[in-house]
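For reference, the structure discussed in these notes is given below.
Residue numbers (the UniProt record's numbering): 1 to 425.
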């Protein structure tokens, strides 16, 4: 089923007329108060905070959580600098997010249906659950790929496709009518709304990640396709009440049961895996779920065309490590630090081979990836096993840090067969 949408990532990089606590409320008194310079400490907890109330620009906060907790007190005094005469009383959390009850709860602002309609915003938590659980196998298309640690899959099943068609059709019917476009609408960070996609000028469901009030731009995530885009706030509209709150069709994923190299993913790996996955239909099993908004799924991906598991492919290619190897590397690094600490005290050193230093054992017929480091003759040369690459890198880093500060031992004299350290000229 062909549903057009922003499947590829673009290459260009909501009141009351009076205060809600209106006993003794005098607008002339509050409006006569001049802005006073405040220290940049959180208005709620007192810690340092550089985040300002986006309405009055007077109160400082250290986090969005403190803003929400302080709103009941701050809302008595908060007035938008540019629109005091409107008596708008919106929450400063994010880019003008209003303190709005969840669906089904009574509005704290008023009981007027018209007022309630104006202030209602849809947040990600209001959407239906996706139904994806740990251990569940599903199919989908990889529509956006950055690395094995970050890519997006558009879930492909009867329910998700039916939901996508319904939403796409309804959005087109609603937002192509000028009377449904609200001028000057400002979304809130984390709000689920709709945005006009730059490449085809159609409307799609998005979640607002960030807002730039000066540039009047919003960074949004297309919920049904996975890609992100910076759009003008003029191209963002509130979600219409007739649009059913289906779960997102696209999910954020990472390959589970593999560990990235210490220096990150290599360009060769990114190019290779991108060709392997981007635009392809895959089968995936959810192994882990990180509870964020939106959730991030740790998956095991299989290519239906070949039956190959992508995680095993990366391991076989030497592009990554298994979690078990990663854990061993961390233990090895800790043991190395212990050895170096002992080496700082010459009187405690021993000529015996430390039990943590083990000789690499290989047997006839073993196959492994390696790098040749020194050739003496065609029949005699040295190589390093790639599977030990991270151990070596961590060892070198630990030695570098240690010997930069360790005192020199003038009387140290190694003997034949002793393992020690030397400065390479």
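Heads up, the beta-carbon is just placed ideally off N, CA and C, and yes, glycines get one too. Please read all numbers here as calculations on a predicted model, not as lab measurements.
Return helix, strand or coil for residue i, following the three-state DSSP convention.
{"i": "residue 365", "result": "coil"}
{"i": "residue 203", "result": "strand"}
{"i": "residue 169", "result": "helix"}
{"i": "residue 152", "result": "strand"}
{"i": "residue 132", "result": "coil"}
{"i": "residue 239", "result": "coil"}
{"i": "residue 181", "result": "coil"}
{"i": "residue 224", "result": "coil"}
{"i": "residue 141", "result": "strand"}
{"i": "residue 124", "result": "helix"}
{"i": "residue 396", "result": "helix"}
{"i": "residue 316", "result": "helix"}
{"i": "residue 160", "result": "helix"}
{"i": "residue 233", "result": "helix"}
{"i": "residue 245", "result": "coil"}
{"i": "residue 405", "result": "helix"}
{"i": "residue 372", "result": "strand"}
{"i": "residue 360", "result": "coil"}
{"i": "residue 219", "result": "strand"}
Straight-line CA distance for residue i to residue j?
{"i": "residue 373", "j": "residue 399", "result": "20 Å"}
{"i": "residue 172", "j": "residue 202", "result": "7 Å"}
{"i": "residue 263", "j": "residue 391", "result": "13 Å"}
{"i": "residue 401", "j": "residue 225", "result": "46 Å"}
{"i": "residue 62", "j": "residue 295", "result": "25 Å"}
{"i": "residue 230", "j": "residue 200", "result": "15 Å"}
{"i": "residue 206", "j": "residue 125", "result": "14 Å"}
{"i": "residue 267", "j": "residue 297", "result": "24 Å"}
{"i": "residue 190", "j": "residue 132", "result": "22 Å"}
{"i": "residue 242", "j": "residue 305", "result": "40 Å"}
{"i": "residue 179", "j": "residue 122", "result": "21 Å"}
{"i": "residue 197", "j": "residue 136", "result": "32 Å"}
{"i": "residue 393", "j": "residue 320", "result": "15 Å"}
{"i": "residue 216", "j": "residue 151", "result": "28 Å"}
{"i": "residue 389", "j": "residue 418", "result": "24 Å"}
{"i": "residue 187", "j": "residue 53", "result": "15 Å"}
{"i": "residue 156", "j": "residue 234", "result": "32 Å"}
{"i": "residue 425", "j": "residue 407", "result": "19 Å"}
{"i": "residue 308", "j": "residue 223", "result": "29 Å"}
{"i": "residue 362", "j": "residue 422", "result": "27 Å"}
The alpha helix (DSSP H) spanning residue i covers which residue range?
{"i": "residue 70", "result": "64-74"}
{"i": "residue 58", "result": "Element bounds for residue 58: n/a, residue is neither H nor E."}
So, for residue i: in the same chain, excluding its five sequence neighbours on each side, which residues have a beta-carbon less than 6 Å away from its beta-carbon?
{"i": "residue 154", "result": "140, 141, 143, 249 and 250"}
{"i": "residue 45", "result": "66"}
{"i": "residue 274", "result": "145"}
{"i": "residue 255", "result": "148 and 311"}
{"i": "residue 22", "result": "Note that residue 22 scores 42 on pLDDT, short of 50, meaning its location in the model is unreliable; the coordinates nonetheless yield the value given after this. None."}
{"i": "residue 163", "result": "246"}
{"i": "residue 290", "result": "296"}
Just to confirm, is the Cβ distance from residue i to residue j under 8 Å?
{"i": "residue 247", "j": "residue 138", "result": "no"}
{"i": "residue 282", "j": "residue 302", "result": "yes"}
{"i": "residue 175", "j": "residue 237", "result": "yes"}
{"i": "residue 167", "j": "residue 127", "result": "no"}
{"i": "residue 195", "j": "residue 204", "result": "yes"}
{"i": "residue 395", "j": "residue 318", "result": "no"}
For residue i, collect the residues of the same chain with a Cβ closer than 8 Å to its Cβ; drop the 5 residues on either side in sequence, then sort them by chain order.
{"i": "residue 322", "result": "257, 258, 259 and 315"}
{"i": "residue 299", "result": "153, 253, 254, 255, 256, 284, 285, 286 and 287"}
{"i": "residue 69", "result": "44"}
Starting from residue i, trace the beta strand (DSSP E) in both directions and tell me its first and last residue.
{"i": "residue 288", "result": "281-290"}
{"i": "residue 269", "result": "Per DSSP, residue 269 belongs to no beta strand (DSSP E); it is in the alpha helix (DSSP H), 267-277."}
{"i": "residue 421", "result": "Run containing residue 421: none; DSSP gives neither H nor E here."}
{"i": "residue 255", "result": "250-255"}
{"i": "residue 264", "result": "Unbroken run through residue 264: none, as it is neither H nor E."}
{"i": "residue 45", "result": "No beta strand (DSSP E) holds residue 45; DSSP gives it neither H nor E."}
{"i": "residue 298", "result": "296-302"}
{"i": "residue 78", "result": "That residue, residue 78, is in no beta strand (DSSP E); it is neither H nor E in DSSP."}
{"i": "residue 385", "result": "380-385"}
{"i": "residue 196", "result": "192-196"}
Please list, in chain order, all residues of the same chain as residue i whose beta carbon is under 7 Å from its beta carbon, the five residues on each side excluded.
{"i": "residue 381", "result": "372, 374 and 375"}
{"i": "residue 383", "result": "370, 371, 372 and 373"}
{"i": "residue 41", "result": "47, 48, 49 and 60"}
{"i": "residue 420", "result": "414"}
{"i": "residue 221", "result": "206, 207, 209 and 228"}
{"i": "residue 270", "result": "147"}
{"i": "residue 232", "result": "216 and 217"}
Using a C-beta cutoff of 8 Å, does residue i count as contacting chain B?
{"i": "residue 305", "result": "Structure shown: chain B not included; a single protein chain is present."}
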